[in-house]
């Protein structure tokens with residue numbers, strides 16, 4: 001193993017592990033790609049690295065310039081880590097209803113946290129960040145939902161890694177947040193083999209955001225629209241908190257301690273496996289379980305955990 | 001066919017404060033027509049100016065987004081659940 005120059009060089013090349021013991025169909029393999037192995041602890045390290053690198057290359061981010069982003073947690077944590085290493089002050093707009101550990105980690109990396117109302121979810125955080133960006137044109141606003149470098153990170157790293165390690169892949173399953181993973185990995189894999197199906201899972205966030213005044217305040221990430229998301233996807237499924245938590249618990253049977261959104265992705269992978277005759281499903285484990293210990297997801301009564309999860313943003 | 005329709009918070013004021021209603025139809029399109037017939041105030045929420053579904057509205061049949069099933073022609077069965085959910089950001 002070489003000695004690396006920077007933690008940024010540790011991002012990517014995450015391991016894939018066979019979890020077929022949990023497959024509902026003995027003719028379908030299920031493989032988990034463990035993104036919690038990234039140095040910042042989540043898949044978002046990739047987007048953060050690419051967004052910063054591309055902005056440095058095209059001159060939109062100057063040395064020492066302030067970086068602004070809105071995030072429900074993982075993108076913020078990844079950006080905060082890299083911003084600290086590269087010497088940028090970092091500000092993050094964060095919905096107030098994220099897990100305590102996410103806030104603590106942002107503080108570890110010295111991020112300035114600007115809280116936005118729980119009822120407005122990630123949309124509210126994004127609107128606040130957009131307003132701040134307009135007030136402060138001297139800041140660099142990375143805008144993960146529309147920054148092409150987000151999807152590019154997955155086209156150039158996650159996608160090629162999966163194709164290198166699992167050329168027999170038939171189905172790719174991942175969560176849909178900014179759409180960076182789905183569009184980047186999905187478009188890369190489809191170009192290699194158009195028969196590969198891309199399935200998206202999403203938490204019922206839309207049902208939880210009760211601060212939304214009307215549908216005109218809704219949002220579809222430009223990355224999804226610009227990347228031809230509707231043509232790319234074969235299925236899009238809501239996975240409810242209870243099912244996510246049940247699968248996060250089952251993942252411990254194969255030694256995987258994963259975040260709650262990984263439970264949703266595993267639920268999608270299992271549903272996919274049950275609906276096909278045979279194949280190989282690869283799904284993304286976005287992060288490990290550390291940031292969710294305070295939610296009691298593994299050990300508390302499932303009804304209690306489910307109620308808590310309905311009030312928390314975990315994607 | 002009779003289905004249960006789950007409404008998001010922002011539509012409830014136009015549906016007598018209810019979070020769940022019953023609607024009739026054999027396809028998603030017919031179910032939406034029936035919702036609008038029962039509660040005309042929901043039309044501006046659900047419909048785009050061209051008559052299609054509002055771009056920030058996601059319609060799910062038993063938790064599957066109907067855009068990837070058969071869109072408005074997706075067949076529904078008796079006792080199915082249709083959820084209408086605003087499209088919002090995650091991540």
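Protein chains in written order, with my numbering: chain A, 1 to 315; chain B, 1 to 91. No residue lacks a Cβ here, since even glycine has one placed at the ideal position from N, Cα and C.
Whether residue i touches residue j by CB criterion (8 Å)
i: residue 61 of chain B; j: residue 76 of chain B; result: yes
i: residue 88 of chain B; j: residue 205 of chain A; result: yes
i: residue 154 of chain A; j: residue 185 of chain A; result: yes
i: residue 255 of chain A; j: residue 288 of chain A; result: no
i: residue 131 of chain A; j: residue 285 of chain A; result: no
i: residue 365 of chain A; j: residue 68 of chain A; result: Any property of residue 365 of chain A remains undetermined from this structure, which presents chain A solely from 1 to 315.
i: residue 31 of chain B; j: residue 20 of chain B; result: no
i: residue 281 of chain A; j: residue 46 of chain A; result: no
i: residue 140 of chain A; j: residue 233 of chain A; result: no
i: residue 82 of chain A; j: residue 113 of chain A; result: no
i: residue 56 of chain B; j: residue 64 of chain A; result: no
i: residue 328 of chain A; j: residue 70 of chain A; result: Residue coverage of chain A in this structure runs from 1 to 315, which leaves residue 328 of chain A outside it and unanswerable.
i: residue 223 of chain A; j: residue 179 of chain A; result: yes
i: residue 92 of chain A; j: residue 105 of chain A; result: no
i: residue 34 of chain A; j: residue 250 of chain A; result: no
i: residue 316 of chain A; j: residue 121 of chain A; result: Any answer about residue 316 of chain A is impossible in this case: the structure gives chain A only from 1 up to 315.
i: residue 89 of chain A; j: residue 108 of chain A; result: no
i: residue 37 of chain A; j: residue 2 of chain A; result: no
i: residue 227 of chain A; j: residue 189 of chain A; result: no
i: residue 90 of chain B; j: residue 99 of chain A; result: no
i: residue 27 of chain A; j: residue 216 of chain A; result: no
i: residue 1 of chain B; j: residue 50 of chain B; result: no
i: residue 297 of chain A; j: residue 283 of chain A; result: no
i: residue 10 of chain B; j: residue 213 of chain A; result: yes
i: residue 221 of chain A; j: residue 310 of chain A; result: no
i: residue 118 of chain A; j: residue 96 of chain A; result: yes
i: residue 111 of chain A; j: residue 49 of chain A; result: no
i: residue 81 of chain B; j: residue 3 of chain B; result: yes
i: residue 245 of chain A; j: residue 307 of chain A; result: no
i: residue 151 of chain A; j: residue 183 of chain A; result: yes
i: residue 192 of chain A; j: residue 163 of chain A; result: yes
Assigned secondary structure, residue i (DSSP; H/G/I helix, E/B strand, else coil)
i: residue 55 of chain B; result: coil
i: residue 216 of chain A; result: helix
i: residue 77 of chain B; result: coil
i: residue 45 of chain A; result: helix
i: residue 47 of chain B; result: strand
i: residue 157 of chain A; result: helix
i: residue 17 of chain A; result: strand
i: residue 11 of chain A; result: coil
i: residue 33 of chain B; result: helix
i: residue 69 of chain B; result: coil
i: residue 34 of chain A; result: strand
i: residue 318 of chain A; result: In the structure as shown, chain A starts at 1 and stops at 315, and residue 318 of chain A therefore has no counterpart that could be examined.
i: residue 16 of chain B; result: coil
i: residue 224 of chain A; result: helix
i: residue 50 of chain A; result: helix
i: residue 297 of chain A; result: coil
i: residue 268 of chain A; result: helix
i: residue 39 of chain A; result: coil
i: residue 179 of chain A; result: coil
i: residue 305 of chain A; result: helix
Nearest-angstrom beta carbon gap, residue j and residue i [assumed within contact, 8 Å]
i: residue 230 of chain A; j: residue 67 of chain B; result: 6 Å
i: residue 237 of chain A; j: residue 209 of chain A; result: Contact flag wrong, Cβ pair sits at about 19 Å.
i: residue 235 of chain A; j: residue 64 of chain B; result: 7 Å
i: residue 15 of chain B; j: residue 39 of chain B; result: 5 Å
i: residue 324 of chain A; j: residue 101 of chain A; result: An answer regarding residue 324 of chain A cannot be provided, because it is not within the stretch 1 to 315 covered by chain A.
i: residue 29 of chain B; j: residue 69 of chain B; result: Going by Cβ atoms, the distance from residue 29 of chain B to residue 69 of chain B rounds to 12 Å, so no, they are not a contact pair.
i: residue 12 of chain A; j: residue 157 of chain A; result: 4 Å
i: residue 87 of chain A; j: residue 170 of chain A; result: Actually they do not touch by this definition, with Cβ atoms about 45 Å apart.
i: residue 85 of chain A; j: residue 6 of chain A; result: 7 Å
Residues bridged to residue i (per DSSP)
i: residue 94 of chain A; result: A:115
i: residue 83 of chain B; result: B:6, B:60
i: residue 141 of chain A; result: A:68
i: residue 27 of chain B; result: B:75
i: residue 171 of chain A; result: A:197, A:281
i: residue 235 of chain A; result: A:199
i: residue 258 of chain A; result: A:288
i: residue 29 of chain A; result: A:280
i: residue 22 of chain B; result: B:4
i: residue 77 of chain A; result: Paired residues: none, contrary to the question.
i: residue 313 of chain A; result: A:98
| query | With a cut-off of 8 Å, do at least 3 Cβ pairs link the stretch 167-179 of chain A to the stretch 261-272 of chain A? | reply | yes
| request: Mind the definition here: the stretch 36-43 of chain A touches the stretch 76-86 of chain A only if three or more C-beta pairs lie below 8 Å; say whether that holds. | output: yes
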